[in-house]
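Asker:
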Amino acid sequence: MSKLTTDPYKGTRDFFPEDMWRRDYIFGIWRRVMRRYGYQAYDAPLLEPLELYAVKSGDELVNEQTYQFIDRGDRKVAIRPEMTPSVSRMIAAKRQETAYPARWFSIAQFMRYERPQRGREREFWQLNADLFGINGIEAEAEIIGIGDETLKEFGAKPEFYEIRINSRQLIDLVMTNYLQLDTIQSHLMIKLFDRKNKISHEQFRDQAIEIFGAETAPEGLARLAELLGVRTIAELPEAIRDSEAAKELGRLMDTLSERAISSASFDITLMRGFDYYTGVVFEFFDTHPDNNRSLFGGGRYDGLVGLFGADPVSAVGFAPGYSMTELFLEVHNLLPKFSSTTDVYVGILEGAETGAFELARRLRKEGVNVELDFTGRKLDKQLKTAIKKQVKYLLFVGANELAEELYALKNLSTSEEQKVSFERMVTVLKDRRHKPQDEDDTLFDLEI
Numbered sequence: 040m041s042k043l044t045t046d047p048y049k050g051t052r053d054f055f056p057e058d059m060w061r062r063d064y065i066f067g068i069w070r071r072v073m074r075r076y077g078y079q080a081y082d083a084p085l086l087e088p089l090e091l092y093a094v095k096s097g098d099e100l101v102n103e104q105t106y107q108f109i110d111r112g113d114r115k116v117a118i119r120p121e122m123t124p125s126v127s128r129m130i131a132a133k134r135q136e137t138a139y140p141a142r143w144f145s146i147a148q149f150m151r152y153e154r155p156q157r158g159r160e161r162e163f164w165q166l167n168a169d170l171f172g173i174n175g176i177e178a179e180a181e182i183i184g185i186g187d188e189t190l191k192e193f194g195a196k197p198e199f200y201e202i203r204i205n206s207r208q209l210i211d212l213v214m215t216n217y218l219q220l221d222t223i224q225s226h227l228m229i230k231l232f233d234r235k236n237k238i239s240h241e242q243f244r245d246q247a248i249e250i251f252g253a254e255t256a257p258e259g260l261a262r263l264a265e266l267l268g269v270r271t272i273a274e275l276p277e278a279i280r281d282s283e284a285a286k287e288l289g290r291l292m293d294t295l296s297e298r299a300i301s302s303a304s305f306d307i308t309l310m311r312g313f314d315y316y317t318g319v320v321f322e323f324f325d326t327h328p329d330n331n332r333s334l335f336g337g338g339r340y341d342g343l344v345g346l347f348g349a350d351p352v353s354a355v356g357f358a359p360g361y362s363m364t365e366l367f368l369e370v371h372n373l374l375p376k377f378s379s380t381t382d383v384y385v386g387i388l389e390g391a392e393t394g395a396f397e398l399a400r401r402l403r404k405e406g407v408n409v410e411l412d413f414t415g416r417k418l419d420k421q422l423k424t425a426i427k428k429q430v431k432y433l434l435f436v437g438a439n440e441l442a443e444e445l446y447a448l449k450n451l452s453t454s455e456e457q458k459v460s461f462e463r464m465v466t467v468l469k470d471r472r473h474k475p476q477d478e479d480d481t482l483f484d485l486e487i
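Numbering (our numbering), first residue to last: 40 to 487.
#1: Between the C-alpha atoms of Pro56 and Lys469, what's the straight-line distance to the nearest angstrom?
#2: Using 8 Å as the cut-off, can you tell me whether the segment 67–78 makes contact with the segment 133–146, which would need three or more C-beta pairs spanning the two stretches below that distance?
#3: So which of Ala395, Val436, Ser362, Arg400 has the shortest CA-CA distance to Met59?
#4: Identify, in the order they occur along the chain, each residue of the same chain with its Cβ nearer than 8 Å to the Cβ of Thr213, setting aside the five sequence neighbours on each side.
#5: Rounded to the nearest angstrom, how far is the Cβ of Gly342 from that of Phe323, given a contact under 8 Å?
#6: To the nearest angstrom, report how far apart Leu346 and Phe413 are at their CA atoms.
#7: By Cβ distance below 6 Å, which residues in the same chain neighbour Tyr81 in space, the five residues on each side in sequence not counted?
#8: Name the DSSP bridge partner or partners of Arg159?
#9: Can you tell me the Cα-Cα spacing of Glu455 and Gly406, whole angstroms?
#10: Only counting the same chain, and skipping five residues up and downstream in sequence, which positions put a Cβ closer than 6 Å to that of Met310?
#11: Using the Cα positions of Thr51 and Gln104, report the straight-line distance between them to the nearest angstrom.
#12: Looking at the structure shown, is Gln457 part of a helix, part of a strand, or coil, going by DSSP?
#13: First and last residue of the alpha helix (DSSP H) that includes Asn439?
#14: Nearest to Lys376 by CA position, among Val430, Gly175, Glu241, Phe108, is which residue?
#15: Distance, Cα to Cα, Phe435 vs Tyr64?
#16: Where does Asn174 sit, in a helix, a strand or coil, going by DSSP?
#17: Output needed for Thr137: all residues of its chain with C-beta closer than 7 Å, excluding positions within five of it in sequence on either side, in chain order.
#18: Counting along the chain, where does the alpha helix (DSSP H) carrying Arg71 start and finish?
#19: For Ala284, which residues of its own chain have a beta-carbon under 7 Å away from its beta-carbon, when the five flanking residues on both sides are left out?
#20: Mind checking who Pro88 pairs with in its DSSP beta bridge?
#21: Of the choices Asp110, Met150, Arg134, Arg61, whose alpha-carbon is the least far from that of Val101?
#22: Got a sec? Which residues, its chain only, sit under 6 Å from Gly289 by beta carbon, not counting five neighbours each side?
#23: Which residue wins for smallest C-alpha separation from Arg70, given the options Lys133, Leu166, Lys427, Asp113?
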């Protein structure tokens with residue numbers, strides 16, 4: 040029998056306590072911002088029928104990236120690779136009962152069979168936020184604004200990221216009216232645009248020539264070069280500049296500017312990979328040289344709800360992933376220092392076991408998080424354990440403390456010790472959660 044490995048499955052990761060603390064911190068800010076805007080939490084099954092993704096998510100996702108299998112009922116199912124089809128199904132199921140505009144969010148777990156790389160894993164978590172029932176660009180403005188506020192809630196400055204915006208309707212006009220491509224060519228060119236930043240200039244040019252065809256390639260490449268030089272909506276070729284799609288984008292850019300969202304810009308090459316987008320699409324990009332890549336994106340997808348036999352419902356959403364958010368915070372030095380969720384570590388002196396257990400029970404009843412050391416080890420071992428676990432406060436309980444009802448509460452980050460009553464101890468321990476971390480919390484950096 041071969042020896043079992045301690046490594047997790049390829050493309051997944053273990054979350055040890057400090058990792059979970061970091062994840063809880065990120066999830067907590069996501070929840071805080073979503074609730075600030077009136078969004079309600081929901082969830083969906085981890086398994087869905089494969090056909091749910093086959094209809095609109097795209098062939099690459101279904102054929103190459105889904106974990107799919109035949110269940111015991113002979114049904115084709117998949118571990119969810121994304122949430123948008125599921126939430127669209129749920130809206131369709133409650134089409135009449137739902138109050139619109141519907142603002143929903145989830146923080147959920149997904150799996151995709153793809154090549155693991157920095158910031159991209161096979162198992163991942165992401166925030167999904169969707170706004171249903173608003174047709175105008177106010178919906179896009181709100182969703183983009185939430186993405187902007189979320190990064191700022193983590194402490195990011197506007198120069199730390201940029202928001203690139205385009206429109207699938209404008210893209211369709213570019214492909215058919217300006218580049219004069221047929222349906223198949225347009226589909227291929229959109230996929231090529233979506234890969235533009237992942238391949239070399241020469242590869243992009245050669246693949247574009249192949250799409251245009253040898254006869255029309257010279258004129259097509261000239262138009263393509265002009266298009267790639269566009270930086271603002273006003274610079275678009277006249278043939279598409281006066282289209283309703285371009286005007287809508289202009290109104291969105293003006294709205295974002297009015298709301299002091301300064302990181303937004305127009306990007307004619309932004310495609311977004313999923314086939315279900317029908318209008319405005321956007322992506323947030325990290326500007327840090329060590330992580331210069333897309334953070335997350337989203338857009339309008341008005342057609343999905345109608346696929347389930349319900350009346351169509353307009354929808355706009357976005358989905359930041361945990362791993363990319365974590366990398367963004369790391370490179371910009373925005374992750375706070377680890378702090379144990381345990382408020383106090385209680386060591387027990389010999390003969391005080393019963394009283395210590397009662398004291399811990401009373402503290403927990405008051406909402407204090409207590410870890411009780413009943414190992415019977417020497418006090419110096421208990422102290423080292425508290426420091427290694429990075430618990431901020433230490434309390435040793437003996438017969439004298441129990442008799443006097445006065446306790447020596449020690450702050451392990453400052454080495455300050457104070458004699459406190461039970462009531463005062465509760466106040467100190469609960470208040471520590473609302474104070475910024477001490478600048479001299481260096482004790483927790485020591486190796487024990």
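Beta carbons are placed, not taken as given, at the ideal position from N, Cα and C, and that holds for glycine. Quantities reported herein were computed from a predicted structural model and do not represent experimental measurements.
Answerer: Once the coordinates are examined:
#1: Going by the C-alpha atoms only, they are around 21 Å apart.
#2: The segment 67–78 and the segment 133–146 touch, with no fewer than 3 CB-CB distances between them shorter than 8 Å.
#3: Checked all of Ala395, Val436, Ser362, Arg400; the closest Cα to Met59 is Ser362.
#4: According to the sequence shown, residue 213 is Val rather than Thr. Answer for Val213: Leu266, Ile279, Ile307, listed in chain order.
#5: Cβ atoms of Gly342 and Phe323 stay farther apart than 8 Å, at about 24 Å.
#6: One C-alpha to the other measures close to 60 Å.
#7: Excluding residues within five positions, the ones whose Cβ falls inside 6 Å are Trp143, Ser145.
#8: Gln156.
#9: Taking the straight line joining both Cα atoms gives about 23 Å.
#10: Exclusion of the five residues before and after Met310 leaves Ile229, Phe232, Asp233 as the residues of its chain whose Cβ lies within less than 6 Å of its Cβ.
#11: Each residue's alpha carbon lies about 15 Å from the other.
#12: In the structure shown, Gln457 falls within a strand segment according to DSSP collapsed to helix, strand and coil.
#13: From DSSP, the alpha helix (DSSP H) with Asn439 extends over 438–443.
#14: Looking at the Cα atoms, Val430 is the closest of the given residues.
#15: Pairing Phe435 with Tyr64, the inter-Cα distance amounts to about 30 Å.
#16: DSSP places Asn174 in the coil class of the three-state scheme, outside both helix and strand.
#17: Ile130.
#18: Unbroken alpha helix (DSSP H) run through Arg71: 56–75.
#19: Listed in chain order, the non-local C-beta contacts of Ala284 below 7 Å within the same chain comprise Ser206, Gln208, Leu209, Leu212, local neighbours out to five positions each way being set aside.
#20: BP columns for Pro88 point to Val116.
#21: Nearest of Asp110, Met150, Arg134, Arg61 to Val101, Cα basis: Met150.
#22: Within the same chain, Gly289 has close Cβ partners Ile272.
#23: For the residues Lys133, Leu166, Lys427, Asp113, the minimum Cα distance to Arg70 belongs to Leu166.
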